[in-house]
Every structure is written in C-alpha cells, then in structure tokens.
Amino acid sequence: MNILQMKYIVEIVRHNNHLSAAATALNTSQPGVSKQIKLLEEELGFEIFERTRNRIIGLTSLGHEVVGIAERIISEMEGLQNLKEESRSRDRGQLVIATTHTQARYVLPDVIKQFVGQYPSVQLILKQGDPEQVCEMVENGDADLAFGPQTIRPFPRLLRLPCVELTRCIVGRADHPIFERSTMTLEDIARHPLIAYDPRYTGRWRVMAAFDAAGLKPSIVMTGIDADVCKTYASVGLGLTILPSVTYDPEHDKGLQARDASHLFPTSVSTIALRRTGYVRPFVLDFIALTAPHLTPSAVREALRNGANSVAGD
Numbered sequence: 001m002n003i004l005q006m007k008y009i010v011e012i013v014r015h016n017n018h019l020s021a022a023a024t025a026l027n028t029s030q031p032g033v034s035k036q037i038k039l040l041e042e043e044l045g046f047e048i049f050e051r052t053r054n055r056i057i058g059l060t061s062l063g064h065e066v067v068g069i070a071e072r073i074i075s076e077m078e079g080l081q082n083l084k085e086e087s088r089s090r091d092r093g094q095l096v097i098a099t100t101h102t103q104a105r106y107v108l109p110d111v112i113k114q115f116v117g118q119y120p121s122v123q124l125i126l127k128q129g130d131p132e133q134v135c136e137m138v139e140n141g142d143a144d145l146a147f148g149p150q151t152i153r154p155f156p157r158l159l160r161l162p163c164v165e166l167t168r169c170i171v172g173r174a175d176h177p178i179f180e181r182s183t184m185t186l187e188d189i190a191r192h193p194l195i196a197y198d199p200r201y202t203g204r205w206r207v208m209a210a211f212d213a214a215g216l217k218p219s220i221v222m223t224g225i226d227a228d229v230c231k232t233y234a235s236v237g238l239g240l241t242i243l244p245s246v247t248y249d250p251e252h253d254k255g256l257q258a259r260d261a262s263h264l265f266p267t268s269v270s271t272i273a274l275r276r277t278g279y280v281r282p283f284v285l286d287f288i289a290l291t292a293p294h295l296t297p298s299a300v301r302e303a304l305r306n307g308a309n310s311v312a313g314d
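Residue numbers for the sequence shown follow UniProt numbering, so the first one is 1 and each next one is one higher.
Right, dumping it as structure tokens:
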C-alpha cells in the first residue's frame with residue numbers, strides 16, 4: 001500500500017463515488033485508479049467499496065475505517081511537507097482562507113492588513129462561499145482555515161473555535177416609518193416586509209426563531225446571500241433587513257438608516273475551522289490570534305491536541 005492509493009480512496013469519496021471525476025481531479029486515468037484500488041483491496045483482504053455491476057455505489061463498513069485512516073495519513077504527509085517548507089523559511093509561504101462574503105468584506109480587512117504587515121512574504125488567498133462550502137474547502141485540503149458563521153451541518157473532522165460575536169441591527173431606507181418610533185419591538189418589525197439571509201446561513205434561522213418564539217410570522221419578500229445584497233434592495237424600498245451590526249457604515253450606506261436590535265435577536269458567533277489532524281504553521285496560528293486575542297497559538301495547539309471546540313485562553 002502507498003500514499004497514492006490513499007489519495008485515490010479519499011478522492012473517490014469526495015466525488016460521490018464517481019471514478020472518472022476522481023481520476024480527473026488527480027490528473028490520472030480511470031483505469032489506473034480502478035487498478036490501484038483493486039490492488040489495495042487484494043492486499044488488505046477485504047473490499048473497501050460496495051459495487052453493483054463493477055460500479056462503486058458506496059463504502060463497506062470496513063471501508064469507512066479505511067477512509068478515516070487514509071485522511072489522517074494524507075493530512076500527516078501534508079504536515080511533513082509544511083514542516084519541510086518551514087525549515088527553509090518560517091515567514092514565507094501561502095495562506096489560503098475560506099470565508100463568507102460578509103466576513104471578508106466587514107470583519108477581516110483590519111486583521112488581514114495587520115497580518116500582511118507582519119508577514120509581507122506570505123501570499124494570502126481568500127476563497128469565498130457559503131458557510132458549509134468554506135468548511136468543505138478546509139475539510140478537502142483546499143484551504144488552511146475557514147472563517148465564518150456556524151453551520152447547520154456538522155463537520156466532525158474539523159475543529160471549530162468561536163472567535164467573534166456579532167450583534168444585529170435593523171437596516172432600511174432612512175425614510176422608513178419604523179425609524180420614527182422611539183422604541184422598536186418584534187411586533188413593529190413583523191408588520192413590514194423583510195429581506196432575509198439565505199436559509200443556508202444560521203443567522204437566518206436565529207432571526208426567524210426569535211419571531212417564532214414571539215408567535216410572529218413576518219413576510220419575507222426576498223432572500224440574499226450577503227449583507228451588501230440585502231442592503232441594496234433595502235435601499236430601493238423593498239423592505240427592512242436584519243444584519244450583523246458590523247455591516248452597516250453610515251458613511252458608505254447613504255440613504256440607509258440602522259437601529260440596534262441586539263435586545264431583540266441573539267448574537268451570531270463567527271468561528272475558525274481547522275482540520276483536526278496535521279501540522280499548523282506558525283503564521284497560520286498568528287493569523288488566528290489576530291482575529292481573537294484569546295485564540296493564542298498555545299491555546300489553539302492545546303485545542304487541537306484535546307479535540308476541544310472551545311478555548312479558554314491563556
């Protein structure tokens with residue numbers, strides 16, 4: 001057995017058992033992948049994949065164990081490669097961050113500015129997606145870390161560390177009648193059309209849960225995938241929108257007004273997601289520390305060792 005066979009197994013699973021797609025991703029041929037998997041199964045003495053008419057349809061019970069081991073082996077090999085690169089230069093390399101639009105646009109700019117100042121020789125790459133997509137990028141090894149809101153779907157192979165709490169505000173046209181009120185209640189908000197986040201975002205579920213708890217059913221006239229889209233349609237009078245407070249800037253959001261709603265809706269927690277196995281380079285740990293002071297390098301390393309999803313801080 002060899003590392004290439006491990007990669008073939010993992011890639012087949014990532015591509016939903018499609019051999020041709022896995023072969024394409026690995027820049028090899030489908031017959032070559034099939035041959036290596038068969039050789040590995042013969043060496044192990046059991047089948048890794050279930051098949052119907054020579055077509056892979058899933059994993060056997062032992063196959064699930066093999067995939068878990070293969071992922072750990074690949075991750076450890078990547079860790080060795082990172083150690084090799086670090087031995088040559090501790091402050092050079094590439095940092096790939098997977099994040100959502102709102103985090104990239106409103107939360108990370110100051111952090112990235114500080115990081116680039118400290119590590120001018122590190123190439124920083126941002127990849128954007130929805131909360132689940134950015135976690136998948138880290139899980140698949142396409143990104144070093146994910147920075148974004150909590151996800152509805154669990155990711156057991158990732159370590160999720162809470163780092164930033166975001167309160168919410170109500171945003172709408174400056175001439176919207178709701179801003180004439182001295183106080184604002186859920187009932188007041190529910191009387192007006194709302195522009196909401198896409199259901200893939202936990203923020204949408206938290207907001208709707210607050211209305212549900214009050215026995216209210218607001219009218220959702222539109223959903224958007226990021227704060228800028230929601231604000232754009234609020235500015236043309238389509239409705240109010242409930243956003244993280246950090247996304248409203250009175251200097252740039254001309255024609256809009258915002259009102260704090262932290263007393264009406266729960267906060268959201270942005271998290272850092274890392275693979276549970278493998279070596280984390282020092283400058284990656286330093287980037288994490290810039291996002292939240294309590295996520296010190298030693299605290300993150302300890303969480304990785306213990307598998308904890310919380311950090312008390314040093």
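All residues carry an ideal CB built from backbone N, CA and C; glycine is no exception. Every value quoted in this text rests on a predicted model; they were computed, and no experiment measured them.
Practice item. Taking only runs that begin and end inside the region 104-133, name each unbroken alpha helix (DSSP H) of 4 or more residues, in chain order. Key: Fully enclosed alpha helix (DSSP H) runs of 4 or longer: 109-118.
**Study point:** Bounding residues of the beta strand (DSSP E) (the contiguous stretch that carries Phe49)
**Key:** DSSP places Phe49 in the uninterrupted beta strand (DSSP E) bounded by Phe49 to Thr52.
Point to revise | Sheet register partners of Ala234 (DSSP bridge) | key: Per DSSP, none; premise fails for Ala234.
Check your understanding: The beta strand (DSSP E) spanning Ala214 covers which residue range?
Key -> Neither: Ala214 is in no beta strand (DSSP E) and is coded neither H nor E.
Practice item. Decide yes or no for the touch test of the region 255-271 against the region 60-69: beta carbon pairs closer than 8 Å, at least 3 of them. Key: No, the region 255-271 does not touch the region 60-69.
**Study point:** Beta carbon of residue 364 nearer than 8 Å to that of Ile189
**Key:** Residue 364 falls outside the range modelled here, since the chain spans only 1 to 314, and no answer is possible.
Review point. In this structure, does DSSP put Ala196 in helix, strand or coil?
Key: Residue state for Ala196 is assigned as strand, using DSSP reduced to three classes.
Review point. If we call anything under 8 Å between Cβ atoms a contact, is Thr277 one with Arg72?
Key: The beta carbons of Thr277 and Arg72 sit closer together than 8 Å.
**Study point:** Span of the beta strand (DSSP E) around Arg270
**Key:** According to the sequence shown, residue 270 is Ser rather than Arg. From DSSP, the beta strand (DSSP E) with Ser270 extends over Ser268 to Arg275.
Check your understanding: What is the DSSP secondary structure of Thr102, reduced to helix, strand or coil?
Key -> Three-state DSSP puts Thr102 in a helix.
Check your understanding: Out of curiosity, what's the CA-to-CA distance linking Ala312 and Pro162?
Key -> Bear in mind that a pLDDT of 42 at Ala312, under 50, signals an unreliable position, so the number given afterwards is only what the model happens to contain. Distance from the CA of Ala312 to the CA of Pro162, rounded to the nearest whole angstrom, comes to 10 Å.
Practice item. Could you tell me which of Phe211, Ile272, Arg305 and Lys127 sits nearest to Tyr279, measuring between CA atoms? Key: For Tyr279, the closest C-alpha among the options Phe211, Ile272, Arg305 and Lys127 is that of Arg305.
Exercise for review: Look at Leu166 and Pro266 and say whether their C-beta atoms are less than 8 Å apart.
Suggested key: Not in contact: Leu166 and Pro266 (Cβ atoms no closer than 8 Å).
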